[in-house]
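Residue numbers for the sequence shown follow my numbering, so the first one is 4 and each next one is one higher. Glycine is no exception: its CB is placed at the ideal position from the N, C-alpha and C atoms.
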Amino acid sequence: MSQHPSNEILQAYAEGLLDGSQALGIAVHCEQCQHCRDMLNEYEAAAAQTALDANPTVSESTLSSDNDLDLLLAGLMDALPEQDDLTACVTQMPEADTISVNGREFTLPKALSKIMPHLQPWKSYGGKVYSAAFDINEVDKVSLLYIDKGVQVPQHTHKGNEITLVLHGSFKDENGEYHAGSYLMKDASDKHTPQTMDEDCLCLTLLSDPMVFTQGLARIFNRFGKGMYP
Ligand SMILES: [Zn+2]
Numbered sequence: 004m005s006q007h008p009s010n011e012i013l014q015a016y017a018e019g020l021l022d023g024s025q026a027l028g029i030a031v032h033c034e035q036c037q038h039c040r041d042m043l044n045e046y047e048a049a050a051a052q053t054a055l056d057a058n059p060t061v062s063e064s065t066l067s068s069d070n071d072l073d074l075l076l077a078g079l080m081d082a083l084p085e086q087d088d089l090t091a092c093v094t095q096m097p098e099a100d101t102i103s104v105n106g107r108e109f110t111l112p113k114a115l116s117k118i119m120p121h122l123q124p125w126k127s128y129g130g131k132v133y134s135a136a137f138d139i140n141e142v143d144k145v146s147l148l149y150i151d152k153g154v155q156v157p158q159h160t161h162k163g164n165e166i167t168l169v170l171h172g173s174f175k176d177e178n179g180e181y182h183a184g185s186y187l188m189k190d191a192s193d194k195h196t197p198q199t200m201d202e203d204c205l206c207l208t209l210l211s212d213p214m215v216f217t218q219g220l221a222r223i224f225n226r227f228g229k230g231m232y233p
């Protein structure tokens, strides 16, 4: 299973076509992944060239001075599709934020800085699993999820798409092991049982619908699910 976003998604991001939480996921992943950063640079260059071609007043042949370069850049910014509000500042990276949970401190990706003011307090589930949602809007369900080491989360499926980005540590499920930088997309056809091993794990989850538990402690954990992804 690939642990990177597909080329189609990277290209859509470069062209400014992704919605808020999906775009955020790409911005966060590309901070951690050189491979996807390189791909994105290529797609962005191609998108910029397309914008130039569509905007002959700022074509390169008219360049003769620094002023013209400024004009080119200004024209280019106008011609490029506007990136979503959540990721608008990705090119001017602010300082990284840190966060504490379960007595541990983590540095967060800079792409999250803009939404940090929306982060709600941690909720604890038995002192083993913690979640904290970003209260952004009705559509973008973005949460931090912390799982202590040696914990198994009950098997569950998803009603919609769930993107999980591993920020620190690692976990495994039926399909493999995931480490910092992994990008996983699951849909309603995927059942999985995430489990941490000898280290804890901090993830960012981007969810389009609440997840549904399919086995075991389902009654308890469906409430757990609701609390996790309010
Ligand atoms: Zn990648």
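Check: residue i C-beta below 6 Å from any heavy atom of ligand 1
i	result
C39	yes
H195	no
C36	yes
H7	yes
Alpha carbon of residue i to alpha carbon of residue j, nearest angstrom
i	j	result
L21	I12	8 Å
M200	S192	25 Å
L210	K126	17 Å
Y16	I29	7 Å
S5	C206	17 Å
L148	T208	7 Å
A57	Q158	50 Å
Y181	C204	10 Å
First and last residue of the uninterrupted alpha helix (DSSP H) at residue i
i	result
E11	N10 to A17
D41	Q37 to D56
Close beta carbons around residue i, own chain, < 7 Å, minus the five adjacent residues each side
i	result
E34	P112, K113 and A114
P124	A135
P8	I29, H32, C39 and Y186
Cβ neighbours of residue i in the same chain (closer than 8 Å, five flanking residues each side left out)
i	result
T101	E108, F109, T110 and L111
Q198	V154, Q155, V156, F174, K175 and D176
Neighbourhood of residue i by C-beta, 6 Å cutoff - its chain only, sequence neighbours within 5 removed
i	result
A49	none
D190	N164
Segment limits, beta strand (DSSP E) that includes residue i
i	result
L168	E165 to D176
Meets three-Cβ-pair contact criterion under 8 Å: the segment 128-136 and the segment 167-178: no
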